[in-house]
Amino acid sequence: QVFLVFVSVLLVYFSESINEIAASNWNLFSRQQYFDSKGMFISLVFSVPILLNCMIMVANWLWQSSQLMINLKKAQLRQAQFLRQRSEHEASSGVEETPSADQHPKFD
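Positions -17 to -1, 1 to 91 (mature numbering (1 follows the signal peptide of the UniProt record, and there is no 0)) are the ones given, in order, by the sequence shown.
Okay, here's the thing in structure tokens:
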């Protein structure tokens, strides 16, 4: 995904050069000259959709990162609660036990 965003941003960066090449060779692939000197056509048809896709990908990365941080914090809190309960149990019983598999907290 990072590679895709990088290539997309590079394409947008070089859209001015692409516009100049297309403006000088428009008769090879079109019947009308769409590529004006200001680059309005290539901006609307080419650059804006690419930038929108890049923004959606970055928003998706932020969402996934926030969900991952939430899950990590929940796991840390469960682990802390488990260790606190185990130490309280050991302190009240006075016997040190090795935890079995069913005593460990379950992580998502």
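The C-beta atom is built at its ideal place from N, Cα and C for all residues, glycine as well.
Looking at the structure shown, is residue i part of a helix, part of a strand, or coil, going by DSSP?
i: residue 15; result: coil
i: residue 75; result: helix
i: residue 102; result: Since the first and last residues shown for the chain are -17 and 91, residue 102 lies out of range.
i: residue 49; result: helix
i: residue 116; result: Nothing in the structure corresponds to residue 116, since the chain is present only between -17 and 91.
i: residue -10; result: helix
i: residue 20; result: coil
i: residue -17; result: coil
Output needed for residue i: all residues of its chain with C-beta closer than 6 Å, excluding positions within five of it in sequence on either side, in chain order.
i: residue 2; result: 18, 22 and 25
i: residue 30; result: -6 and -3
i: residue -10; result: 33 and 37
i: residue 63; result: none
Give the single residue among the options whose Cα lies nearest to the Cα of residue i.
i: residue -12; options: 67, 40 and 74; result: 40
i: residue -16; options: 52, 72, 44 and 74; result: 44
Measuring CB atoms only, is the stretch 3 to 18 touching the stretch 46 to 65, in the sense that at least three cross pairs come out at less than 8 Å?
Not touching, per the Cβ criterion.
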